[in-house]
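Using our numbering, read the sequence shown as starting at 8 and increasing by one per residue.
Structure first, then comments.
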Amino acid sequence: RWFHNNMTMAMQLVFIGGAQRSGTTLLQTLLANALNSPLLPEAHTLCDILIAYKRAKEHWRKTQFFYPTEDSLLNFFQTFALRHVEDISSGTGLQSILVLKDPNFVQVLGELSAIFPGCIRIVCIRDPRDITASFLQIGKRESNPDHPSRYGRRDIHFIAKKVLSSYAPLLESSQPENVVLVRYEQLATTSRAALQRLAHDTGLKLSYDRIDEPIWLPPDARHGPAWVSELEG
Numbered sequence: 008r009w010f011h012n013n014m015t016m017a018m019q020l021v022f023i024g025g026a027q028r029s030g031t032t033l034l035q036t037l038l039a040n041a042l043n044s045p046l047l048p049e050a051h052t053l054c055d056i057l058i059a060y061k062r063a064k065e066h067w068r069k070t071q072f073f074y075p076t077e078d079s080l081l082n083f084f085q086t087f088a089l090r091h092v093e094d095i096s097s098g099t100g101l102q103s104i105l106v107l108k109d110p111n112f113v114q115v116l117g118e119l120s121a122i123f124p125g126c127i128r129i130v131c132i133r134d135p136r137d138i139t140a141s142f143l144q145i146g147k148r149e150s151n152p153d154h155p156s157r158y159g160r161r162d163i164h165f166i167a168k169k170v171l172s173s174y175a176p177l178l179e180s181s182q183p184e185n186v187v188l189v190r191y192e193q194l195a196t197t198s199r200a201a202l203q204r205l206a207h208d209t210g211l212k213l214s215y216d217r218i219d220e221p222i223w224l225p226p227d228a229r230h231g232p233a234w235v236s237e238l239e240g
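Below is the structure:
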């Protein structure tokens, strides 16, 4: 609890989610450079914690035998998640702001707000047709053509379901409030204007000194080579 109270006062947390191939890596890169925040790989461990919390709530009939109230369940997962963020902070020497991204954060926007009150939640939006085309390019670049993945086999139904699962919650009437949307098309073509709009919507104080030559995450900290776009940089 002490860490939670002090962290919320001293550190701003920014979470980026969206469909895969929707610009989450690009946005994290630009924001981390503009905020002088460490550039880190996808926050899969934290995302798994949040998904587990969401699943526990959805199966409350069983969960209540282990945690009798929703507050006690939240307290468990909040302690778990905050310890992980504390480890990230200690390992990076971070003091003021942390920008984390995982496309699957889009599935746990409500859980993010509950566990990290005051955090900034951003969702990247991209035309599903372009997302599909990007996945098909990944299929072409895969290293094992003899055993292609669903992308290599041009499984459009599979890709469409992935896109739908990411964006459907945003179209529902119960979508979380105060989620900032960023369009990939604007971010990729007019980066400065897109970041200025984002700064206005979030209150983040951004520096644009490195916007033309940002530092990128090394490829070995990312997905396989086929996932790195030829547009990068």
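Glycine included, every Cβ here is placed at the ideal spot set by N, Cα and C.
Q: Report the three-state DSSP secondary structure of K108 (helix, strand or coil).
A: strand
Q. How would you write the range of the alpha helix (DSSP H) that G117 sits in, first residue to last?
A. 116 to 122
Q: Would you tell me roughly how many angstroms separate the C-alpha atoms of F6 and L188, rounded to the nearest one?
A: There is no way to answer for residue 6, as the model of the chain reaches only from 8 to 240.
**Q.** Local Cβ density within 10 Å of G98, reported as buried at 16 or more and exposed below that
**A.** That one is exposed.
Q. Touch check for the stretch 218 to 237 and the stretch 25 to 44: three-plus C-beta pairs under 8 Å?
A. yes
(Q) Taking 7 Å as the limit between beta carbons, can you name the residues of its chain near K61, skipping five residues before and five after? (A) V115, E118.
(Q) Three Cβ pairs or more, each shorter than 8 Å: is that satisfied between the stretch 63 to 79 and the stretch 130 to 150? (A) no
(Q) Does Q71 come out as helix, strand or coil in the three-state DSSP assignment? (A) coil
Q) What do you get for I104, buried or exposed, if any count of 16 or more other CB atoms within 10 angstroms of its CB means buried? A) With at least 16 other beta carbons inside 10 angstroms of its own, I104 counts as buried.
Q | I132: first and last residue of the uninterrupted beta strand (DSSP E) it sits in | A | 127 to 132
Q | Short CB-CB distance (under 8 Å) between Q203 and chain D | A | Although the question refers to chain D, the structure presented lacks it and comprises just one protein chain.
Q: Find the nearest neighbour of S44 within the set D219, W234, A228, K212, judged by alpha-carbon distance.
A: K212
Q) Going by C-alpha distance, which of P135, Q19, P155, I23 is nearest V186? A) I23
Q. Which of the three DSSP states, helix, strand or coil, is assigned to G231?
A. coil
Q. So, are the CB atoms of G146 and G159 less than 8 Å apart?
A. yes
Q. Looking at the unbroken beta strand (DSSP E) that takes in R217, where does it start and where does it end?
A. Unbroken run through R217: none, as it is neither H nor E.
**Q.** Beta-carbon spacing of T70, A63 below 8 Å
**A.** Going by C-beta atoms, T70 is nearer than 8 Å to A63.
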